[in-house]
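K.L.:
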């Protein structure tokens with residue numbers, strides 16, 4: 001009879017650890033999404049990003065805990081965390097005059113070939129205005145188009 005409260009306490013602690021791991025994993029994925037996409041997150045981009053980022057969802061049964069992989073979009077609190085985390089990173093970069101996401105991966109080439117996935121209109125680059133119409137190909141400086149690639153508007157063509 002004395003073991004019953006101990007089992008409840010052990011089960012409660014295990015479930016608490018599972019929920020904390022679930023929340024931490026979700027926050028880490030949202031932070032990674034911020035670095036991948038930048039500060040702008042659009043509805044279609046959100047869905048495509050979360051098709052890549054499968055999020056863990058914990059469902060508890062009476063005897064065991066099943067961990068299932070499910071795709072879904074951000075809830076209101078997750079979107080709020082995304083915005084607050086983005087604001088924190090932006091404030092840090094402003095205070096130290098840094099542009100942290102510019103070189104997340106070391107560049108192999110200064111120029112990249114890109115395919116425009118969605119109309120972007122005219123974009124100002126160091127060499128002048130470039131009209132980025134859907135399905136067009138361009139050879140541009142990597143620094144000028146890296147943010148657009150992260151936002152999913154352009155696709156880098158691998159050679």
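Numbering (our numbering), first residue to last: 1 to 159.
Ideal Cβ positions, reconstructed from N, Cα and C, are used throughout, including at glycine.
Fair warning: this is a prediction, and the values are worked out from it, not measured in the lab.
Check the C-beta distance from residue 109 over to residue 142 and give it rounded, since I have them as a contact under 8 angstroms.
P.N.:
Along the chain shown, one-based indexing puts residue 109 at 109. Along the chain shown, one-based indexing puts residue 142 at 142. 7 angstroms between Cβ atoms; contact.
K.L.:
Assuming residue 101 and residue 38 form a contact by the criterion Cβ under 8 angstroms, report the distance between their Cβ atoms to the nearest whole angstrom.
P.N.:
Counting from 1 along the chain shown, the entry for residue 101 is found at position 101. Counting from 1 along the chain shown, the entry for residue 38 is found at position 38. Going by Cβ atoms, the distance from residue 101 to residue 38 rounds to 6 angstroms, so yes, they are a contact pair.
K.L.:
Indicate the three-state DSSP secondary structure (helix, strand or coil) for residue 97 in the structure shown.
P.N.:
Numbered from 1 along the chain shown, position 97 holds the residue referred to as residue 97. Here residue 97 sits in coil by DSSP.
K.L.:
Does residue 97 come within less than 7 angstroms of chain C when only Cβ atoms are used?
P.N.:
Structure shown: chain C not included; a single protein chain is present.
K.L.:
Could you tell me the boundaries of the alpha helix (DSSP H) in which residue 142 lies?
P.N.:
Here residue 142 refers to the residue found at position 142 of the chain shown. Segment 142-150, the alpha helix (DSSP H) holding residue 142.
K.L.:
Any heavy atom of the ligand ATP closer than 6 angstroms to the Cβ of residue 116?
P.N.:
Summarising the ligand content, the structure contains no ligands, and the ligand ATP is consequently not present.
K.L.:
Could you check which residue in 116, 149, 120 and 123 has the C-alpha nearest to that of residue 138?
P.N.:
Locating residue 138 in the chain shown gives position 138, where the first residue counts as 1. The shortest CA-to-CA distance from residue 138 to any of 116, 149, 120 and 123 is the one to 116.
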